[in-house]
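Beneath this line is the structure, given in structure tokens, with notes to follow.
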Amino acid sequence: MPRWLRVGLLGIALLVMMPVIGSVNGYYLEVATQVGIFVALALGLNIVVGLAGLLDLGYVAFFAVGAYTWAIFGSPHANVMFGGGFPLGPTWFYAFLLIGLLVAAGTGILLGLPVLRLRGDYLAIVTLGFGEVIRVLANNLDKPINLTNGPKGITPISRPPVPLGLPYGEYFYFLVLLIVCVVVIVNRRLEDSHIGRAWEAIREDELAAQAMGVPLVHSKLLAFACGASFAGVMGVVFSAKQVFINPESFTFLESIGVLAMVILGGMGSIPGAVLGATVVTVLNLQVLKGFSLWLNELKNAGVTILGYNLADLPTQLEPAKYERMIFGVILVLMMIFRPQGIFPVRRRQRELAPARARVAGAAEP
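Numbers given in the numbering used here equal positions in the sequence shown, counted from 1, plus 19.
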């Protein structure tokens with residue numbers, strides 16, 4: 020079966036099945052929407068980290084920029100600064116999808132300019148600091164001019180008009196799915212383009228790429244801008260969907276979570292980023308929380324396993340509270356047993372195969 024047909028059938032299945040499942044239990048539709056949001060974020064970071072090889076630990080900052088762009092102008096909070104006429108009408112939301120994209124892309128370029136000469140750990144430290152700077156600014160820009168309303172956050176944020184009388188849950192699901200499809204297509208086109216090959220050359224050997232005429236400044240700035248733009252668009256959607264945002268929605272742990280999705284799926288791999296985001300998000304929102312509820316039910320029922328009463332377990336022992344530790348263990352195991360990721364690009368898989376064969380040969384007596 021041709022690849023385009025498989026992708027098309029999967030898209031049709033998602034369009035038909037999830038709203039039906041969501042009509043039975045709206046929580047599953049919410050999980051699917053969250054998966055779509057993080058898929059777009061993972062695909063954006065995959066450009067920066069996976070294709071261009073630029074380790075960005077502050078990626079959530081671009082998500083925050085997009086979210087606050089719509090939150091400020093799509094809520095009555097803007098009246099504090101501009102004196103009236105806000106919030107903007109709900110139809111402005113669609114214009115702000117583009118505005119959020121441009122603002123986030125511009126922020127990505129501003130970040131890229133001072134770090135062009137940095138590599139590896141130094142680049143990671145600077146981008147980590149940038150992500151924290153954006154969060155701290157959002158937390159403190161409530162005086163002397165109240166731009167973000169500080170830790171109190173901004174609410175209520177306008178939601179877009181819903182066509183065909185759809186419930187908001189289904190509407191945001193379809194909107195996120197549409198944006199994800201566009202992001203996947205753009206990623207695919209970029210990967211096969213001249214700039215995509217330039218990013219891969221920079222990732223493999225920056226000096227050799229420069230010697231072969233690859234414009235490092237232009238290529239790196241474009242990588243930051245493209246990756247940031249996807250986060251900016253999803254930030255606008257996120258703020259409208261949640262109706263409320265505050266700085267605690269954009270912590271360093273969110274950046275680490277998105278990076279874990281890219282590494283788990285396979286750096287540089289579009290299907291890998293999609294799969295990694297799906298696995299991590301479902302594990303976080305569904306599996307760990309469900310397991311915690313199930314464990315609490317067993318404890319309340321006084322179930323005994325191997326002579327030990329589960330009611331005696333510490334109350335803090337809930338899997339959902341240790342999600343970061345669990346993700347860390349998963350990443351360590353991935354780096355040991357499958358460093359190329361779950362769904363690696365073919366070239367990456369071929370490169371690592373000889374190394375694994377040498378290790379296996381050396382281990383034999």
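Positions of the beta carbon are idealized from the N, C-alpha and C atoms, including for glycine.
Query                                                                                                         : Result
Per DSSP, cross-strand counterpart(s) of I214                                                                 : The partner list for I214 (beta bridge, DSSP) is empty, contrary to what the question assumes.
N-terminal and C-terminal residue of the alpha helix (DSSP H) that F362 is part of                            : It is not in any alpha helix (DSSP H) - F362 carries neither H nor E in the DSSP assignment.
Within 7 Å, strictly: CB atoms of V201 and L62                                                                : no
Where the alpha helix (DSSP H) containing Y113 begins and where it ends                                       : 111-131
I264, DSSP secondary structure in three states                                                                : strand
Own chain residues within Cβ distance below 8 Å of A227, not counting five before or after                    : A220
Three-state secondary structure assigned by DSSP to I173                                                      : strand
Buried versus exposed call for Y46 [16 or more other C-beta atoms within 10 Å across all chains shown]        : exposed
Candidates Y192, L241, F191: closest to G215 by CA position                                                   : L241
Span of the alpha helix (DSSP H) around Y78                                                                   : Careful: Y78 lies outside any alpha helix (DSSP H) and carries neither H nor E.
Given 8 Å, three or more beta-carbon pairs between the segment 166-177 and the segment 91-99                  : yes
Where L315 sits in the DSSP three-state scheme                                                                : Looking at the sequence shown, residue 315 is not Leu but Asn. DSSP places N315 in helix when its eight states are reduced to three.
Given F346 as reference, the closest of I324, V236, A296, P363 once Cα atoms are compared                     : A296
CB of L60 within 7 Å of CB of V277, strictly                                                                  : yes
Burial state of N168 (16 or more Cβ within 10 Å)                                                              : buried
Proximity winner among R343, L307, Y341, G284, relative to M354 (alpha-carbon distances)                      : G284
CB contact flag (T52, V195, <7 Å)                                                                             : yes
Own chain residues within Cβ distance below 6 Å of F191, not counting five before or after                    : T52, K260
Per-residue burial, K239 [other beta carbons within 10 Å of its own, 16 or more giving buried]                : buried
Reduced DSSP secondary structure (H/G/I, E/B, other) of R343                                                  : helix
Collapsed DSSP secondary structure at I204 in the structure displayed                                         : helix
Euclidean distance between Cα positions of V58 and L302                                                       : 14 Å
Minimum length 4: unbroken alpha helix (DSSP H) runs contained in the segment 237-298                         : 271-284
Other residues of its chain near G119: CB distance less than 7 Å, five sequence neighbours each side excluded : G85, T88, W89, G251, V252, G254, V255
G63 - DSSP class collapsed to helix/strand/coil                                                               : helix
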